[in-house]
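Please read the structure below before turning to the comments.
2 protein chains.
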Amino acid sequence: MADLLERRYKTLGPYSPLFYAQPLEFVRAERVWLTAADGQRYLDGYNNVPHVGHAHPRVVEAIAQQAGTLNIHTRYLNHRVVDYAESLLATLDAPLDRIIFTNSGSESNDLALRIANQHSGARGLLISDFSYHGHTQALAVATTGLVAHEGLGAHVRPIRVPDLDAADASRPEAEVLASSLAEVDAAIASLQEAGHGVAAVLFDSLFSTEGLNRVPSGYVAGLAKRVRTAGGLVIGDEVQSGFGRTGRSFWGHQNHGIVPDLVTMGKPMGNGHPIGAVALSAALLDEFGPRNMYFNTFGGNPVSAAAGQAVLDVLAEEGLVERAASGAAGIRAALEGLRRDHPWIGPAKGEGLFFGFDVYDRPVGEAGAVPDPGRTKAIVEAMRARNVLISRIGRTDSVLKMRPPLAIEPGEVGILVETLADSLAEVEALSRT
Amino acid sequence: MADLLERRYKTLGPYSPLFYAQPLEFVRAERVWLTAADGQRYLDGYNNVPHVGHAHPRVVEAIAQQAGTLNIHTRYLNHRVVDYAESLLATLDAPLDRIIFTNSGSESNDLALRIANQHSGARGLLISDFSYHGHTQALAVATTGLVAHEGLGAHVRPIRVPDLDAADASRPEAEVLASSLAEVDAAIASLQEAGHGVAAVLFDSLFSTEGLNRVPSGYVAGLAKRVRTAGGLVIGDEVQSGFGRTGRSFWGHQNHGIVPDLVTMGKPMGNGHPIGAVALSAALLDEFGPRNMYFNTFGGNPVSAAAGQAVLDVLAEEGLVERAASGAAGIRAALEGLRRDHPWIGPAKGEGLFFGFDVYDRPVGEAGAVPDPGRTKAIVEAMRARNVLISRIGRTDSVLKMRPPLAIEPGEVGILVETLADSLAEVEALSRT
């Protein structure tokens, strides 16, 4: 493995990120279990791309069968892409009735910004602070969550997203809502004063990178309303929150009671096969389409469509969204139990099978308690030592992040929670010494 | 098929481009033959993505085998991506010794621009006039070859690429070279005067979209030298010209005797599987890497790497680059023969298995002869009526474009050329009536 790491450095370079102080080399995987080069098996509590389970035979067979039959662009007709577009649109609410296929979430968000800029005639963009939406040049200037040398664009305003479980836990929800929306108003006013206007707000319904913030009821709807009033579009980035991840709904935005103007997709869409999409209304496409020759060579090819269709089919047939919802209820209860034993962890955050909690240096609520990234990292490494993969997120990297494939079964959720209990106990014992 | 077209309009919309007045619906393909829904077979003289042949069993097997084993991002170690990176780097010249994997040519070119902008501290970009390099926002403002509502960026200068077979056919090559490079100097000066500086030149070694321009010897090297002197980087877009397409070399830039600072790849790389890459030097990556957290979720996954490796293996084992070179010689001779019968077509253009010719309204060289897009379109449709797929390119859509998979065999090249002879005769006869 040391040799492989060295060879990797000499080809991909040393900057491409790797998990863990001692990186893991995986050689195969099945459902929610990864096998390392040394033969050890790891429970996957982290990966959201293999959505219906690693190497799901239905998805593999769909890819193999279609790749062996025909893989071609959309300048010829093929029923696969149309069948899949219909299936995908059936999961979305009116007026979203058109799909543009891409190859990644980054391509999708970049395209959504193009559409919003052209629609509004403006460039101003609202993002939530400490979010990330992709690696293209247009998106690199629209993040405060990842390091990009370009820096924040002059036309971008990050807005602080409230969190009733952390920073705003001590304030009444109505007050948090009012002050947060006042911050949105101020950001919009700032964009307008600077002459950028308002093109869009781009947000992830789970506020994942931000730390799974629990926002006040009505916050997202209020944000969307304000942006639309200012002439901008609402872009729902469903790369992380979509395809049933939250259990409660198929799409994250549905949990907030809104329908975005543009819905962007990626990661879990093809269970690892590179595919993304932008959903929009015919009216919006009728604006963009005639004014731009948009063509995506790989976008909508029949193999990608077959992979995407297989994911939708498996989600339905195996009842994975429902399973995510019921699994989540159990997890939430278990995490509350862990809080009693370890008062230095915050309340359960997230939705469905994207969950976690804030980690503090002392009991939550105690004077001087602050987020503790070191302790959070120690939990992640303790879990790894017990062969369970998880990670951490948030502004200070002090929110534990658990996000298993939806294929995880109740007994495996049990292993995840029990291992977490052991790891918390170990880290707590260590911090006492 | 009418029903499928209607369903497509209601899901993908009517703007997604389709070939032919009566679009073709394909249901399967093998090597260089596509089968339509009505059972008719078409010889593929157009598609460069299925590079080693449609549904090549080696590539299909590699994808199926790896997808059934493991598909994961690069935050864990996996030997597949490293093996493939080594194979790919072995085809490139020093100092190109690092690879960043992406999912498409668009992602690759967008990333190359980010790297060049950061390296130079400038934004100014030279492109060849009537070129196209991708669909992201940063690339939409850098094209004059496709309609993008954004319009050309203030920091972009399109330079007219000479063509010794068409616009510049009557001038001495040395004079064309001097005047063309003087235009480069002027564009650089214009960027500097406007305060944009020079970040890069981005070009396709075949000048495909432009119309397969035959440039004077030393033109590309002179262009590269001038950009570097001005502090910019040379980005070789090998999405069309790479992987042996030109027969003469594995990479198009090698035909011009230069090594770009950044080489971008896409289309044929995975024979249809969505994969792209940027090759660069360790020195350049050492600048970009520490200042940017670049992570591409699907980029470098083991399934994409397996597809890419299979393409390299098949190219080598089946001697496809050599076959492209020998096939090209025969095609060139045949096209010269056709010129004698049809003096209204220009000399054979392009390299290897990307070839074509200009189509005029009257014999080449006759007073008042101008490019004839209508006649070019008629040839494309006449070929389609004879079950051979080709297309057209260039500023006036009057350059016939033929670009079969490299897997095409001599007998099939014969069918392509004979069908072209018949189609030219038909179109000539029609134009006499």
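Residue numbers (my numbering), protein chains in the order written: chain A, 269 to 701; chain B, 269 to 701. Note that the Cβ used here is the ideal one computed from N, Cα and C, for glycine as well.
(request) Using a Cβ cut-off of 7 Å, pull out every chain A residue sitting near K535 of chain B, in sequence order please. (result) T565
(request) Identify whether D453 of chain A lies in helix, strand or coil by the three-state DSSP scheme. (result) helix
(message) Below 9 Å on C-beta distance, what does G504 of chain B contact in chain A?
(response) Within chain A, no residue comes near G504 of chain B; the closest Cβ sits about 18 Å away, beyond 9 Å.
(message) Does chain A have any CB closer than 9 Å to the CB of E634 of chain B?
(response) no
(message) Quick check on this structure: which residue in A:D453, A:A575, A:T477 and A:G499 has the alpha carbon closest to the alpha carbon of A468 of chain A?
(response) Ranking the options by Cα distance to A468 of chain A, first place goes to A:G499.
(request) Check whether the Cβ atoms of V495 of chain A and I456 of chain A sit closer than 9 Å, and answer yes or no. (result) yes
(message) If we define contact as Cβ-Cβ less than 9 Å, is P282 of chain A a contact residue for chain B?
(response) yes
(message) Helix, strand or coil for Y310 of chain A? Go by DSSP, reduced to three states.
(response) Reduced to three states, the DSSP call for Y310 of chain A is strand.
(message) By the 8 Å beta-carbon criterion, what residues does the stretch 317-341 of chain A contribute toward chain B?
(response) V317, P318, H322, A323, P325, V327, V328, I331, A332, A335, G336, T337, L338, N339, I340 and H341
(request) In the DSSP assignment, find the beta strand (DSSP E) that holds T303 of chain B and state where it starts and stops. (result) W301 to A304
(message) With distance defined between alpha-carbon atoms, name the residue in B:V656, B:I395 and B:H387 nearest to Q308 of chain B.
(response) B:V656
(request) Spatial neighbours of H524 of chain B within its chain, please: CB distance less than 7 Å, with the 5 preceding and 5 following residues excluded, ordered by chain position. (result) S473, V488 and A489
(message) In this structure, how does DSSP classify E506 of chain B when only helix, strand and coil are distinguished?
(response) It is coil, neither helix nor strand.
(message) Assuming contact is defined by CB atoms lying nearer than 9 Å, are A384 of chain B and L501 of chain B in contact in what I supplied?
(response) Yes, Cβ-Cβ distance for A384 of chain B and L501 of chain B is below 9 Å.
(request) Would you identify the three-state DSSP class for E704 of chain A, choosing helix, strand or coil? (result) Summary: the structure shown does not reach residue 704 of chain A, with chain A confined to residues 269 through 701, and so no result is reported for it.
(request) Note down, in chain order, every chain B residue with its Cβ under 8 Å from the Cβ of D397 of chain A. (result) Residues of chain B passing the Cβ test: none, with the nearest at roughly 17 Å.
(message) Do E694 of chain B and A635 of chain B count as a contact pair if the criterion is CB distance below 9 Å?
(response) The beta carbons of A635 of chain B and E694 of chain B sit no closer together than 9 Å.
(message) I'd like to know whether the C-beta of Y487 of chain A is nearer than 9 Å to at least one C-beta of chain E.
(response) The structure shown contains no chain E; its protein chains are A and B.
(request) Would you check if the distance between the CB atom of A573 of chain B and the CB atom of R348 of chain B is smaller than 9 Å? (result) yes
(request) In angstroms with no decimal places, state the Cα-to-Cα distance between T303 of chain A and H521 of chain B. (result) 42 Å
(request) Indicate the three-state DSSP secondary structure (helix, strand or coil) for N385 of chain A in the structure shown. (result) helix
(message) For Q252 of chain A and L583 of chain A, I'd like the C-alpha separation in whole angstroms.
(response) Nothing in the structure corresponds to residue 252 of chain A, since chain A is present only between 269 and 701.
(message) Taking 7 Å as the limit between beta carbons, can you name the residues of its chain near D714 of chain B, skipping five residues before and five after?
(response) The displayed coordinates of chain B run from 269 to 701. Any statement about residue 714 of chain B would go beyond what the structure contains.
(request) Say whether chain B places a C-beta atom closer than 9 Å to the C-beta of T279 of chain A. (result) yes
(request) Just the chain A side, please: which residues come within less than 9 Å of Q405 of chain B by C-beta, in chain order? (result) D378, L379, L381, R382, N385, T404, Q405, A406 and L407
(message) For the alpha helix (DSSP H) containing V627 of chain A, name the first residue and the last one.
(response) Counting along the chain, V627 of chain A falls outside any alpha helix (DSSP H), and DSSP gives it neither H nor E.
(request) Ignoring anything shorter than 4 residues or poking outside the stretch 434-478 of chain B, list the alpha helix (DSSP H) runs there in chain order. (result) 441-461
(request) Hey, could you find the ends of the alpha helix (DSSP H) V582 of chain A is sitting in? (result) P570 to E585
(message) Would you say M561 of chain A lies against chain B (beta-carbon separation less than 9 Å)?
(response) yes
(request) Starting from R366 of chain B, follow its DSSP beta bridges and name the residues at the other end. (result) B:L548
(message) Taking DSSP's pairing of strands, which residues face R296 of chain A in a bridge?
(response) A:T303
(request) Give the residues of chain B in contact with G373 of chain A, contact being defined as C-beta atoms less than 8 Å apart. (result) T565
(request) Go through its chain and collect everything with a Cβ distance to T565 of chain A's Cβ below 6 Å, but skip five positions before and after it. (result) H341
(request) Helix, strand or coil for P377 of chain A, going by three-state DSSP, please let me know. (result) According to the sequence shown, residue 377 of chain A is Asn rather than Pro. Of the three classes helix, strand and coil, the one that applies to N377 of chain A here is helix, per DSSP.
(request) Provide the residue(s) that pair with P426 of chain A in DSSP beta bridges, ordered along the chain. (result) A:I395
(message) Please report the straight-line C-alpha distance between E677 of chain B and R299 of chain B, rounded to a whole angstrom.
(response) 10 Å
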